[in-house]
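The next block holds one structure in the form of structure tokens; read it before the comments.
Numbering (this note's numbering), first residue to last: 2 to 301.
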């Protein structure tokens, strides 16, 4: 039954891709709004979880405002999916530049030249994180993305085909330690999403005002390899394009130690939190970020 379900899902994704690539981008956005509204209002996929997380994070907001944000969240998720399925249409730097504006891109480039070894780029499930990697890889420098293998192997393979269309490469998280350090030592850029919950519950900290597990991987790589660390966030701009903003996180006072890894992880997490609080509709609230037992013990 799982094999049949996986096959049907794979074929549905491919069919949706054919439809998405046949549309103009404006048409795709309109279709994404309809799809997002359907998932939110009719299907109700994780709707209660999204509303609950938004209410706990923004207790000062009215229920009406919370619902407006939630609706935009679903629309953004749908548009992100369609944009990924349209990746084959991005054939060169001109098409990439027509979709995104990148601020401070030269900072990453500087991190890979002039004798400095590599760079770590941290991001989150925010805006269109997949488009960030693809276009930054085309317009700035190619990078290797740490990904988690999907349970549906066919969809997983298809997603990685999209991710690596224009020069980027991927490495699964269970192989990232060895391959990531080698890449950084060779002057490459390693891209990591730092906002998922840690199923192993190894490290804890504060995320958006609530106790949650924290991934320290990006901090480990940067301090272990002695390379700069940047936060790259992709959000909707006012001109119809995405805006990618790159911030270098200060680590000049840190060394490779357990305490300093935790400190650096806190610093880049704060940058991510600032974006989520300013533009909450851009974050992937469907993820149960606070699901581990430690959160439940705190009554959350």
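All C-beta atoms, glycine included, are put in the ideal place defined by N, C-alpha and C.
Which partner residues does residue 171 have in the DSSP bridge list? Note: residue 171 sits in a beta bridge opposite 146.
For residue 250, three-class secondary structure by DSSP: In the structure shown, residue 250 adopts coil according to DSSP, grouped into three states.
Enumerate in chain order the residues of its own chain whose CB-to-CB distance from residue 10 is below 7 Å, with the five nearest sequence positions on each side excluded. Once the five neighbours on either side are set aside, the close Cβ partners of residue 10 are 153 and 156.
Minimum C-alpha distance to residue 245 - residue among 263, 283 and 229: The residue with the shortest Cα to Cα distance from residue 245 is 283.
Contact set for residue 38: own chain, Cβ-Cβ below 8 Å, skip 5 residues either direction: Non-local beta-carbon contacts of residue 38 in its own chain, meaning distances under 8 Å to residues more than five positions away in sequence, involve 72, 75 and 76 in chain order.
Buried or exposed, going by whether 16 or more other CB atoms sit within 10 Å of the CB of residue 232? So residue 232 counts as buried.
Counting along the chain, where does the beta strand (DSSP E) carrying residue 206 start and finish? Residue 206 -> beta strand (DSSP E) spans 205–208.
Helix, strand or coil at residue 195 according to DSSP, with G and I counted as helix: Looking at residue 195 - three-state DSSP - the assignment turns out to be coil, as it is neither helix nor strand.
Please return the same chain residues whose Cβ sits closer than 6 Å to the Cβ of residue 36, not counting the five positions on each side in sequence. Only 79 meet the Cβ criterion.
Nearest by alpha-carbon distance to residue 256: which of 242, 220, 281 and 280 is it? The residue with the shortest Cα to Cα distance from residue 256 is 220.
What did DSSP end up calling residue 269 once you bin it into helix, strand or coil? When secondary structure is reduced to three states using DSSP, residue 269 falls in the helix class.
Residue 214 lies in the beta strand (DSSP E); which residues open and close that run? From DSSP, the beta strand (DSSP E) with residue 214 extends over 211–214.
Start and end of the beta strand (DSSP E) containing residue 91? First-last for residue 91: undefined, no H or E at that position.
List in chain order: all unbroken alpha helix (DSSP H) runs of 4+ residues lying wholly within the region 54–135. You should have 64–86, 94–100 and 106–111.
Contact set for residue 268: own chain, Cβ-Cβ below 6 Å, skip 5 residues either direction: Result list for residue 268: 250, in chain order.
I believe residue 102 touches residue 238 by the beta-carbon criterion, under 8 Å. Please report the beta-carbon distance rounded to the nearest angstrom. Taking 8 Å as the upper bound for CB-CB distance, residue 102 and residue 238 are in contact here, some 6 Å apart.
Determine the burial state of residue 173: buried for a count of at least 16 other Cβ atoms within 10 Å of its Cβ, exposed for fewer. By the neighbour-count rule (16 or more Cβ atoms within 10 Å), residue 173 is not buried but exposed.
Excluding the 5 residues flanking residue 47 on each side, which residues of the same chain have their C-beta closer than 7 Å to its C-beta? Within the same chain, residue 47 has close Cβ partners 287.
Would you report the Cα separation of residue 58 and residue 202, rounded to the nearest angstrom? Answer to the nearest angstrom: the Cα atoms are 21 Å apart.
Are the beta-carbon atoms belonging to residue 1 and residue 108 less than 8 Å from one another? Only positions 2 to 301 of the chain appear in the structure, and residue 1 is not among them; the question remains open.
Quick check: the Cα distance between residue 241 and residue 25, rounded to an integer number of angstroms? A straight line joining the alpha-carbon of residue 241 with that of residue 25 spans about 14 Å.
Measure the C-alpha to C-alpha separation of residue 181 and residue 147 and round it to an integer number of angstroms. Rounded to whole angstroms, residue 181 to residue 147 spans 8 Å at the Cα level.
Report buried or exposed for residue 84, applying the criterion of at least 16 other Cβ atoms within 10 angstroms of its Cβ. With 16 or more Cβ atoms within 10 Å of its Cβ, residue 84 is classed as buried.
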